[in-house]
Each structure stands twice: as structure tokens, then as C-alpha cells.
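Each residue of the sequence shown is one higher than the last, beginning at 0 in numbering that gives the first Met the number 0. We put the beta carbon where it would ideally sit given N, CA and C, even for glycine. Here is the structure we will look at, set down as C-alpha cells.
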Amino acid sequence: MNTSGENAKSMSIIVTKGTLDWAYPPFILATTAAAMDVKVSMFFTFYGLQLLKKNLDHLQISTLGNPAMEMPMMGMHMKLPNLMSA
Numbered sequence: 000m001n002t003s004g005e006n007a008k009s010m011s012i013i014v015t016k017g018t019l020d021w022a023y024p025p026f027i028l029a030t031t032a033a034a035m036d037v038k039v040s041m042f043f044t045f046y047g048l049q050l051l052k053k054n055l056d057h058l059q060i061s062t063l064g065n066p067a068m069e070m071p072m073m074g075m076h077m078k079l080p081n082l083m084s085a
């Protein structure tokens, strides 16, 4: 591992989201960089602090902007049209 001062590679990742779908990317980036001998520091802020808790049962997938989720409509869920059968 290259730990000399000016030649050492480093990466900082800021984790700001606390939902399940946004939890994986920063950890995947960090472990990949660490496998490539890059020094990684992760900074958890705002809702990202939720990922540091021991019990992660409270994590949910965000429905906002997720095309795989149903659209909320006046208290009910509207299914997306199935374009393959139309």
C-alpha cells in the first residue's frame, strides 16, 4: 500500500441520504476504492446518520423518483400502465 504523503491516493465520500436505495452506493464505492489501495474517508451528515445505527430495520426504499414504485394519488396508489400489453 502506498502511504507516502504526496503520492497517496485518497477519496472522500459524503453520505447524505438515509434510505435503503441510497445506502448501497457510498459503501460500494468505498470498498472498491479500498480494494484499489485508495484511502477512503466517509462523512455522514443529515439523514445519512441513520445508516450508522446498529438496528437498520427502520430503513425503507424511497418512492420519490423511483420508477419501479406505484404513484401515490389522493390517498390511493395508481398502477403504472402496462405498455407491453397495450
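- Taking Lys8 as the centre and dropping the five residues before and after it, the same chain places the C-beta of Val37 closer than 6 Å to its C-beta, in chain order.
- If only uninterrupted beta strand (DSSP E) runs of at least 3 residues are considered, those enclosed by the region 22 to 58 are 38 to 43.
- Between Ser40 and Leu19, the alpha-carbon positions lie close to 21 Å from each other.
- Note on geometry: alpha-carbon atoms of Met35 and Asp56 lie some 31 Å from one another.
- Taking the C-beta atoms as reference points, Leu28 is found no nearer than 8 Å to Ile13.
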